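If you number the sequence shown the way the working numbering does, the last residue is 410 and the count never jumps.
In this text, a Cβ means the ideal position worked out from N, Cα and C, and glycines have one as well.
Computed from a predicted structure; not experimentally measured.
Following: one structure in structure tokens, then a few remarks.
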Amino acid sequence: MNIHEYQSKEILKEYGVPVLNGLIVFSAEEAKKKAELIKSDIVVVKAQIHAGGRGKAGGVILAKSLDEIVEATDKLIGKPLVTHQTSPEGQIVRKVYIEEGCNIESEFYLSLIVNRKKSCFTFIASPAGGMDIEEVAKTSPEDIIYVDIDPSVGLKAYHVYRIANFLNLDKKALKVILEGVYSCFTDKDISLLEINPLVLTKEAKLVALDAKMGFDDNALYRHPDILEYKDESEEDKEETKAIKHGLAYVKLDGNIGCLVNGAGLAMATMDAIHLAGGAPANFLDVGGSASVEMVSTGFEILLSNPKVVGIFVNIFGGIMKCDTIAEGVVKAANDMDIKVPIVVRLQGANAEIGLEILSKSDINVMLAEDMDDGAEKIVSLVGNKEATNEHLGR
Ligand code: GDP
Ligand code: MN
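As structure tokens, this is what we get:
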């Protein structure tokens, strides 16, 4: 789960990381009423969406008067902002953050991540701040330092020294920031915390000018305070619906919808589709205890993706009974007008009953012998058909 910049800054502030004063508004009228609370000659109006690259896309506007603040707010709110991290349609701006301005001397990059390869946390820092860090990594990798932190040891003075020396920053000031970032990262089960830019002001203060946090979804149950920050309007609608119904769904770039039970089988199914020359549109694991309703909801989610031109249902019955899946498929076909071909492979518990349910119904499904046969069948049925062009090249 991701949260907004202003929310991340609220958390950072609690942990002693210096941020500038700001307030959130939902309309130009609200901006007009409240903006004077920000005592600063220059104010920055920032679109709050769950995507970076706002600066370059016109989502960060400097304002020098109340009129300019209101104008900037009006310009941003209610309209889509297209950045290199959003879809081509952009993300609708629903609120803006009005923040004190500052005099920037230099901009730095700082982030803390969970390093799965090395089983540790890693600070990433660079004097090339305010830019796309992936770009810096490509063009001048020598400008980036990676400092691994063993979680059983924690953040120590020598970590701070290494980063401060690399960035040529004051150790005491940077220590406050690194300690705040590290504590909040570990306390709140964050998986990515990024400050880009961290700025040194002309008054020689270090300030987090931007902030981004991503949380480990599996740990959210122990952070009700973080869950309060959830903004559903920023999340993928299909993924939100899937979570509500207890389905594990991840959207992908291909055009063959997959409905599978078990994460391992779902991965294998995606491989089989690739091997047969196709591309999966999603990962969907209905799990071991799915109901008929869950299966038909799964179909709804698959079909709400306009790219999907065919569906492959691949089930290995165990705890999950094949007849439940078959009933779910029949229910989905009756409830919805499914225009795309469906290939079903049922094997294992109650497979015969499931196959009978399918053959007795008048829905149009093609049966497959096994996973590879199913993958080949669905790929040959959909061919190289592209549902729409708009998602190409993303
Ligand atoms: P992002 O583009 O979505 O990452 O948004 P940022 O919050 O990083 O803002 C983009 C850029 O706007 C920063 O790198 C700064 O150069 C600039 N900016 C943001 N706040 C201020 C400010 O208070 N004063 C000045 N002069 N520039 C700012
Ligand atoms: Mn930024």
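Rounded separation between residue i and residue j - CA only
i: glutamate 30; j: serine 24; result: 10 Å
i: glutamine 107; j: glutamate 248; result: 13 Å
i: serine 312; j: glycine 303; result: 14 Å
i: isoleucine 354; j: serine 375; result: 17 Å
i: serine 207; j: alanine 44; result: 34 Å
i: alanine 365; j: glutamate 251; result: 36 Å
i: alanine 79; j: glutamate 115; result: 10 Å
i: glutamate 309; j: valine 398; result: 27 Å
i: arginine 410; j: serine 103; result: Residue placement at arginine 410 cannot be trusted, given a pLDDT of 29 that sits under 50; the coordinates are not used to answer.
i: alanine 180; j: alanine 391; result: 54 Å
i: alanine 292; j: valine 130; result: 35 Å
i: glutamate 385; j: leucine 318; result: 23 Å
i: lysine 187; j: valine 176; result: 7 Å
i: asparagine 277; j: leucine 263; result: 10 Å
Same chain, Cβ closer than 7 Å to residue i, five either side skipped, listed in chain order
i: leucine 236; result: Met17, Ile242 and Leu243
i: alanine 367; result: Gly333 and Cys338
i: threonine 256; result: Glu248
i: valine 76; result: Val60, Lys62 and Arg70
i: valine 356; result: Val324, Val325, Gly326 and Ile327
i: lysine 154; result: none
i: serine 199; result: Tyr31
Selected residue, minimal CA-CA separation from residue i, among the options
i: glycine 314; options: Ala295, Leu92, Asp351 and Met283; result: Asp351
i: lysine 393; options: Ala220, Thr202, Ser168 and Phe328; result: Phe328
i: proline 240; options: Glu121, Thr89, Asp205 and Asn271; result: Asp205
i: phenylalanine 299; options: Asp148, Val41 and Ala284; result: Ala284
i: alanine 88; options: Glu105, Tyr113 and Ile65; result: Tyr113
i: lysine 72; options: Val98, Arg178, Glu121 and Leu92; result: Val98
i: leucine 222; options: Asn234, Asp232, Leu183 and Lys260; result: Leu183
i: glycine 117; options: Gly344, Asp226, Asn330 and Arg132; result: Asp226
i: glycine 94; options: Glu316, Arg110, Leu268 and Pro213; result: Arg110
Close Cβ partners of residue i (< 8 Å) along its chain, the five nearest in sequence each way excluded
i: leucine 453; result: In this structure the chain extends from 17 to 410, so residue 453 is not present and cannot be described.
i: glutamate 21; result: Lys62, Gln64, Tyr113, Asp226, Ala227 and Lys228
As assigned by DSSP and simplified to three states, the class of residue i
i: valine 86; result: helix
i: aspartate 226; result: coil
i: lysine 191; result: helix
i: leucine 171; result: coil
i: glutamine 23; result: helix
i: serine 156; result: coil
i: glycine 344; result: helix
i: isoleucine 331; result: strand
i: valine 359; result: strand
i: asparagine 181; result: helix
Proximal residues to residue i (C-beta, below 6 Å), its chain only, five neighbours per side dropped
i: phenylalanine 201; result: Leu128 and Leu209
i: valine 215; result: Ile120, Glu123, Val223 and Leu225
Query - Uninterrupted beta strand (DSSP E) stretches inside the stretch 371-404 (no shorter than 3 residues) - result: Listed in chain order, they are 381-383.
Query raised in the report: Which runs of the alpha helix (DSSP H) spanning at least 4 residues fall entirely within the stretch 288-319, listed in chain order?
Result: Runs of the alpha helix (DSSP H) lying entirely within the stretch 288-319 and spanning at least 4 residues, in chain order: 308-319.
Requested in this report: Please go through the stretch 103-151 and give each complete beta strand (DSSP E) segment of 3 or more residues, from N-terminal end onward.
Outcome: Every unbroken stretch of the beta strand (DSSP E) spanning 3 or more residues and falling wholly within the stretch 103-151 is given here in chain order: 112-116, 120-131 and 136-142.
Query raised in the report: Of all the alpha helix (DSSP H) runs that stay within the bounds of the stretch 209-261, which reach a length of 4 or more residues?
Result: The stretch 209-261 contains these whole alpha helix (DSSP H) runs: 240-243 and 253-260.
Requested in this report: Pick out the complete beta strand (DSSP E) segments inside the stretch 34-96, 3 residues or longer, and give them in chain order.
Outcome: At a cut-off of 3 residues, the continuous stretches assigned as beta strand (DSSP E) that sit fully inside the stretch 34-96 are 38-41, 59-63 and 76-79.
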